[in-house]
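Residue numbers (the numbering used here): 93 to 256.
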């Protein structure tokens, strides 16, 4: 009788431990490359992608953008940020440098979100970094949350080379 009871206690303890362990698992964000392509409007008009759900609960979990092509030219800049579909900005705006039109051109910019970007639908938004009467096309990749935490020595963003 005692052995049977001891076996049940061990089995229940194992089940409980497994349940607690599974309950504390968190979903980690992947470092994805979702393509974007749009025309930057003249006079700083905004252009944006479809929304994606950003599930993170920390502003320092960075989002990423890389612009490998700009018809404005190599090494030119376009300003990017995250916003909600109602137009509320939910991240710092960052001037991103265009690559040389090669799919591996340009740098990855890892940027923190604001509190409004946590557990929210967000979209990548862009505008010309200067007032211009011309429009131009851009292409690149972005990710709404990368799982990379912004290091303490950086205030808003940092950059890395392609795929790092």
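Quick reminder that beta carbons are idealized off the backbone N, C-alpha and C, glycines included.
- Apart from sequence neighbours up to five positions away, the residues of its chain that approach residue 130 with a beta-carbon distance below 8 Å are 139, 140, 141, 218, 229 and 230, ordered along the chain.
- With a beta-carbon spacing of about 13 Å, residue 194 and residue 233 fall beyond the 8 Å limit used to define contacts.
- Nearest to residue 166 by C-alpha distance, out of 144, 180, 145 and 190, is 190.
- DSSP places residue 175 in the strand class (E or B) of the three-state scheme.
- Residue environment: residue 136 is assigned as exposed (fewer than 16 neighbouring CB atoms within 10 Å of its CB, all protein chains considered).
- In the three-state DSSP reduction, residue 185 falls in the coil class, being neither helix nor strand.
- Apart from the 5 residues on each side of it in sequence, residue 169 sits with its Cβ closer than 6 Å to the Cβ of 187, 189 and 221 in its chain, given in chain order.
- Nearest to residue 128 by alpha-carbon distance, out of 156, 150 and 152, is 156.
- For residue 190, the three-state secondary structure derived from DSSP is coil.
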